[in-house]
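Colleague: Could you have a look at this structure, given as structure tokens, before my questions?
Protein chains: 2
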Amino acid sequence: MDYDQYFSVAVDALRRERRYRTFAEIERKADRFPRATWHSPGGPRDIVVWCSNDYLGMGCHPVVIEAMRESVSKRGAGAGGTRNISGNSHEIVQLERELADLHGKDAGLVFTSGYISNETGISTIVKLIPDCVVISDELNHNSMIEGVRRGGRQKAIFRHNDLAHLEELLQAAGDRPKLLVFESVYSMDGDIAPIAAICDLAERYGAMTYLDEVHAVGMYGPRGGGVAERDGVMHRVDVIEGTLGKAFGVVGGYLTGKRVVMDAVRSYAPGFIFTTALPPAVAAAATASIRHLKNSQAERDGQRAQVAKVKAALAAAGLPQMETPTHIIPLMVGDAKACKAASDVLLAEHGIYIQPINYPTVPRGTERLRITATPHHDDKLIAQLAEALNDVWSRLDLPRVNTTVAERPLRAMAGAAPIPLPIAGG
Amino acid sequence: MDYDQYFSVAVDALRRERRYRTFAEIERKADRFPRATWHSPGGPRDIVVWCSNDYLGMGCHPVVIEAMRESVSKRGAGAGGTRNISGNSHEIVQLERELADLHGKDAGLVFTSGYISNETGISTIVKLIPDCVVISDELNHNSMIEGVRRGGRQKAIFRHNDLAHLEELLQAAGDRPKLLVFESVYSMDGDIAPIAAICDLAERYGAMTYLDEVHAVGMYGPRGGGVAERDGVMHRVDVIEGTLGKAFGVVGGYLTGKRVVMDAVRSYAPGFIFTTALPPAVAAAATASIRHLKNSQAERDGQRAQVAKVKAALAAAGLPQMETPTHIIPLMVGDAKACKAASDVLLAEHGIYIQPINYPTVPRGTERLRITATPHHDDKLIAQLAEALNDVWSRLDLPRVNTTVAERPLRAMAGAAPIPLPIAGG
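The listed protein sequences derive, respectively, from chains A and B.
In this text, residue positions in the first sequence follow our numbering: the first is -16, and each later residue adds one.
In this text, residue positions in the second sequence follow our numbering: the first is -16, and each later residue adds one.
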């Protein structure tokens, strides 16, 4: 039997729809972030990365790098086992305490990724609540959707950030137990959930709340606890999920919540039980990063300043950015082929790397370039970005916008100034 | 609504069944492996770890540690994004080439864990094959079971390593496409699948084959390609799955196979697409480990020698080990409470750490201590282990066995001698 045909057909379908993905091979430079080497088909080339989720450059911070190096030397490269069988390192226990403290919860639980923390976390929680209805925002991340699906309970999807629709669904669920699953910052649109109002509804209708803060931890709130911390509602959310792989700059995911909830997930979640623990060095690096961002505002201030400048520069050029209240800057293209072409020209001719975002990550017809500015994207890099985008938009004849709306972000940058931050040497 | 009750009930059920898990907090010592510090309730204590899956001690090998340290310095602590969005590091591309070469395949694909490689790999493969029947060994790992389940296809489970039963199921599936899913080394019983005979059947009945070698890679075959390499049948298996977190000493999982299959999984698997890539430093460390074990026999020879000595020592003491043809040495207890008690006394009084293995990792009534000897467990440590186990078996009045059968492993150690191996300094 010819099995290859099945896989060829699947890959060819993607090519026909022009959403076959080519991964750019990137060599990061810890001492020159966000600059990197692109291993292009024609050989290595210097580029600037404008689409990293290392939002604050903490992956290149000397405190994080040194913590990881020291731990590798002392503890070795890996954990050596699952959490239950010899892999429960001192470092991962410390990390879980740090995370519980960050979110003001009893306990934390670390997973190999944010993906698996959502998938096995949500599915395990709802399986432990008989007759539970899961009420879920329609734009929740794939990992949450998979978690809900695997939980096997009845689900109800509310329109994105729509409180009236959410209330309808909560009412409809009546006296049954309910898990309300949502995000704070939605990563592709860059908008923010009304967490306080959602908590009001959850309390009124007796729902347990599960909040994904992966695109917010480290960056929002006075200690980097996320949007819920910033809004003063962290204590009203039952379970807060986060990642160690974005603003904290390392890898891994986690849950925080009441001790009994974490203990139950720890004891029942297959994606937690049957997998090798993260290396002690990864845990040590993440702990160093979290501790640093609990106390330092420089990275958050610097990011906000540079994000505002990028938004202003794109607005001035009449480029069709989606207005967002966050650090995420989506630049709408609306066509898979054009989006890929824009990205290709930016990389090949301007040395600017912004990966095209196509279906299934975003809906068809909303293909975009998703720009992320860190505190390390200085004013000169921002000017180069705006110039390059302007050139690409003209050459490919991509749609521009009325700049009146888009100019709004300019006001956000009043008084903000870039702050020099340390970058580790080689 | 009181949600805590649901989680309390779940945790209490485990306590009642005496399978509530307490994780021992372990601080590894890279320069003294397999010695470690146990953070006991009464304070830090020196122990010897006898249950690590860092089977060859590669997590503490200077080549691996130095590769990881160097990469952290140069590339930073994390990948900064998914594989598609800025996280496709030069290091992870190199690692995938190394893995493809290791297994003699076109291409490799790296995942955040072995768990997720099985779960999202198997489910994606079977979803891409319309009308596929999945034929699966009954003792397959939880991650494979979850992958089969999520694939949503009809499944047929054959009795463990039972070729006659497997053939029945293959016949029964008729002309439909079939994915045959199995392991080489089964981790809790330590036995080995008849891979060549399984391939014979797969070829006769036109099944695609998927082999999990997580407990074999690095340790079996002249280059550490696993049991399929050792048996000369690697080329007959369609997809080989492995881990970077056991004998290779780091963390992460992978698939290898034909380019078109890897490309399809890369393009369709949610657990691959929507997750942050492993850090470049993890990839660099894994590559260093794989390359070392492709060329060096010292670790494999040393492990075989020390495993044979442990088996002989246990046999001499009349301890009820399950005879295995592998490096895994299960010591049967058969009762959850007694198994936990044995483990507790070993740790508290002898400084020997062997985690009890209870349900659901093994069936009820087959609770066991699972001992893993590395090349670094020297003869003195082995003697101490045997003495401690003997003491615990006497004190807890645990069942012993007729030693006739158990003595067999003695023959396997003829001519084997321990080889001193490098361990990294601090």
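Using N, Cα and C, we set each Cβ at its ideal position, and we do this for glycine too.
This one's a predicted model, so the numbers in the text were calculated from it and none came from an experiment.
Taking 8 Å as the CB-CB limit, is F257/B close to chain A?
Modeller: Taking the second sequence and counting its residues from 1, the one referred to as residue 257/B is at position 274. True, the Cβ-Cβ gap to chain A drops below 8 Å.
Colleague: Interface residues of chain A around G285/B at Cβ under 8 Å?
Modeller: Here residue 285/B refers to the residue found at position 302 of the second sequence. In chain order: nothing, as chain A lies at least about 17 Å away.
Colleague: Check the Cβ of K241/A against every Cβ in chain B and list those closer than 7 Å, keeping chain order.
Modeller: Sequence index remark: in the first sequence, residue 241/A carries index 258 (1-based). Going along chain B in sequence order, the residues near K241/A (Cβ under 7 Å) are D(-13).
Colleague: Using a Cβ distance threshold of 8 Å, determine whether the segment 203 to 221 of chain A contacts the segment 44 to 53 of chain B, with at least three qualifying pairs required.
Modeller: With a cut-off of 8 Å, the segment 44 to 53 of chain B and the segment 203 to 221 of chain A do not count as touching, because too few Cβ pairs lie within range.
Colleague: Buried or exposed: which applies to G135/B, given that a residue is buried once 16 or more other Cβ atoms fall within 10 Å of its Cβ?
Modeller: Working through the second sequence from its first residue, we reach residue 135/B at position 152. Label assigned to G135/B: exposed.
Colleague: Does E212/B get closer than 8 Å to chain A when you measure Cβ to Cβ?
Modeller: As a position in the second sequence, residue 212/B is number 229, starting the count at 1. No, no contact with chain A.
Colleague: Would you say V117/B reaches chain A, if we count a Cβ-Cβ gap shorter than 8 Å as a contact?
Modeller: Translated into positions along the second sequence, residue 117/B becomes position 134. So no, V117/B is outside the interface.
Colleague: In the DSSP assignment, the alpha helix (DSSP H) including L261/A goes from what residue to what residue?
Modeller: Sequence index remark: in the first sequence, residue 261/A carries index 278 (1-based). Counting along the chain, L261/A falls outside any alpha helix (DSSP H), and DSSP gives it neither H nor E.
Colleague: Using 8 Å as the Cβ pair cut-off and three pairs as the minimum, do the segment 99 to 108 of chain B and the segment 241 to 248 of chain B touch?
Modeller: The segment 99 to 108 of chain B is in contact with the segment 241 to 248 of chain B.
Colleague: Using a Cβ-Cβ cut-off of less than 9 Å, give me the residues of the segment 357 to 381 of chain A that come near chain B, in sequence order.
Modeller: Answer set for the segment 357 to 381 of chain A: empty.
Colleague: Could you check whether E81/B and S54/B sit closer than 8 Å to each other, using their CB atoms as the reference points?
Modeller: Numbered from its first residue, the second sequence carries residue 54/B at position 71. Numbered from its first residue, the second sequence carries residue 81/B at position 98. In this structure, E81/B does not lie closer than 8 Å to S54/B by Cβ.
Colleague: Can you list, in chain order, the residues of its chain with a C-beta nearer than 6 Å to that of Y3/A? Leave out the 5 residues immediately preceding and following it.
Modeller: If you number the first sequence from 1, residue 3/A lands on position 20. Once the five neighbours on either side are set aside, the close Cβ partners of Y3/A are L(-3).
Colleague: Of all Cβ atoms in chain A, is any one closer than 8 Å to the Cβ of K57/B?
Modeller: For the purposes of this step, residue 57/B is identified with residue 74 of the second sequence, where counting begins at 1. Closer than 8 Å to some Cβ of chain A, the Cβ of K57/B qualifies, so yes.
Colleague: Thinking I181/B and L163/B are a contact (beta carbons under 8 Å), I'd like their distance in whole angstroms, please.
Modeller: Residue 181/B sits at position 198 when you count from the first residue of the second sequence. Residue 163/B sits at position 180 when you count from the first residue of the second sequence. Rounded, the Cβ-Cβ distance is 7 Å, consistent with contact.
Colleague: Here's a check: name, in chain order, each residue in its chain whose Cβ is nearer than 6 Å to the Cβ of P263/A, leaving out the five neighbours to either side.
Modeller: By 1-based counting over the first sequence, the position of residue 263/A is 280. So the qualifying residues of the chain are S54, R58, S72, E74.
Colleague: Whose C-beta lies closer than 6 Å to the C-beta of E129/A among residues of the same chain, with five residues either side of it excluded?
Modeller: The sequence position of residue 129/A within the first sequence is 146, counting from 1. Cβ neighbours of E129/A beyond the five flanking positions: E102.
Colleague: For the segment 104 to 141 of chain B, list the beta strand (DSSP E) runs that are entirely contained and at least 3 residues long, ordered along the chain.
Modeller: Entirely contained in the segment 104 to 141 of chain B, the beta strand (DSSP E) runs reaching 3 residues are, in chain order, 116 to 120, 137 to 141.
Colleague: Kindly list, in the order they appear in chain B, the residues whose Cβ is closer than 7 Å to that of D427/A.
Modeller: A question about residue 427/A goes unanswered here, because the residues of chain A that appear run from -16 up to 409.
Colleague: Per DSSP, which one or two residues make a beta bridge with K414/B?
Modeller: With chain B covering -16 to 409 only, the question about residue 414/B has no answer from this structure.
Colleague: Hey, V210/A and T259/B are a contact pair by Cβ (cut 8 Å); roughly how many whole angstroms apart?
Modeller: Stepping through the first sequence from its first residue, residue 210/A is reached at position 227. Stepping through the second sequence from its first residue, residue 259/B is reached at position 276. Not quite, the Cβ-Cβ distance comes to about 20 Å (not below 8 Å), so this is no contact.
Colleague: Whole-angstrom Cβ separation of R1/A and K320/A, contact assumed at under 8 Å?
Modeller: Indexing the first sequence from 1 puts residue 1/A at position 18. Indexing the first sequence from 1 puts residue 320/A at position 337. With a Cβ gap of about 5 Å, R1/A and K320/A count as contacting.
Colleague: What do you reckon, are the CB atoms on H124/B and F257/A nearer than 8 Å?
Modeller: On the second sequence, position 141 is the one that residue 124/B refers to. On the first sequence, position 274 is the one that residue 257/A refers to. A contact, by the Cβ cut-off of 8 Å.
Colleague: Confirm, please, whether the CB-CB distance from G207/A to V200/A is below 8 Å.
Modeller: On the first sequence, residue 200/A is found 217 positions in, with the first residue counted as 1. On the first sequence, residue 207/A is found 224 positions in, with the first residue counted as 1. Yes.
Colleague: Looking only at C-alpha atoms, which of L238/A, F94/A, Y251/A, K161/A sits nearest to V(-6)/B?
Modeller: To locate residue -6/B, count along the second sequence from 1; it is residue 11. Answer by Cα proximity: Y251/A.
Colleague: Note down, in chain order, each residue of its chain lying with its Cβ closer than 8 Å to the Cβ of G40/B, except the 5 sequence neighbours on either side.
Modeller: Sequence index remark: in the second sequence, residue 40/B carries index 57 (1-based). Result list for G40/B: F16, P17, G232, E282, T357, P358, H359, L404, I406, in chain order.
Colleague: Output yes if chain A places a C-beta closer than 8 Å to the C-beta of V93/B; else output no.
Modeller: Walking along the second sequence from the start, residue 93/B turns up at place 110. It does not: the Cβ of V93/B has no partner Cβ on chain A nearer than 8 Å.
Colleague: Here's the rule: buried if 16 or more other CB atoms are within 10 angstroms of the residue's CB, otherwise exposed. What is R416/B?
Modeller: One cannot answer for residue 416/B here, as it falls past the ends of chain B, which runs -16 to 409.
Colleague: Since L238/A and S96/A should fall inside the 8 Å C-beta cutoff, what is the C-beta to C-beta distance between them, to a whole number of angstroms?
Modeller: Taking the first residue of the first sequence as 1, we reach residue 238/A at position 255. Taking the first residue of the first sequence as 1, we reach residue 96/A at position 113. Actually they do not touch by this definition, with Cβ atoms about 12 Å apart.
Colleague: Counting only beta-carbon separations shorter than 8 Å, does F(-10)/B have a partner in chain A?
Modeller: Locating residue -10/B in the second sequence gives position 7, counting from the first residue. It does: the Cβ of F(-10)/B has a partner Cβ on chain A nearer than 8 Å.
Colleague: Could you give the first and the last residue of the continuous alpha helix (DSSP H) run that contains Y203/A?
Modeller: If you number the first sequence from 1, residue 203/A lands on position 220. Run containing Y203/A: none; DSSP gives neither H nor E here.
Colleague: To which residues of the same chain is S326/B closer than 7 Å at the C-beta, ignoring the five residues directly before and after it?
Modeller: Start at 1 with the first residue of the second sequence, and residue 326/B comes out as number 343. The answer, listed in chain order, is I337, Q338, P339, L352.
Colleague: Under 8 Å between the Cβ atoms of K292/B and D362/B?
Modeller: Here residue 292/B refers to the residue found at position 309 when the second sequence is read from its first residue. Here residue 362/B refers to the residue found at position 379 when the second sequence is read from its first residue. Yes, Cβ-Cβ distance for K292/B and D362/B is below 8 Å.
Colleague: According to DSSP, is T95/A helix, strand or coil?
Modeller: Translated into the one-based positions of the first sequence, residue 95/A becomes position 112. Coil at T95/A, not helix or strand.
Colleague: What alpha helix (DSSP H) runs, 4 residues minimum, are completely inside the segment 308 to 390 of chain B?
Modeller: The segment 308 to 390 of chain B contains these whole alpha helix (DSSP H) runs: 319 to 333, 362 to 378, 386 to 389.
Colleague: Please list the partners that C410/B has in chain A, where partner means a Cβ-to-Cβ separation under 8 Å.
Modeller: An answer regarding residue 410/B cannot be provided, because it is not within the stretch -16 to 409 covered by chain B.
Colleague: Could you work out which residue in I365/A, V131/A, Q137/A, V328/A is closest to A299/A when comparing CA atoms only?
Modeller: Taking the first sequence and counting its residues from 1, the one referred to as residue 299/A is at position 316. Checked all of I365/A, V131/A, Q137/A, V328/A; the closest Cα to A299/A is I365/A.
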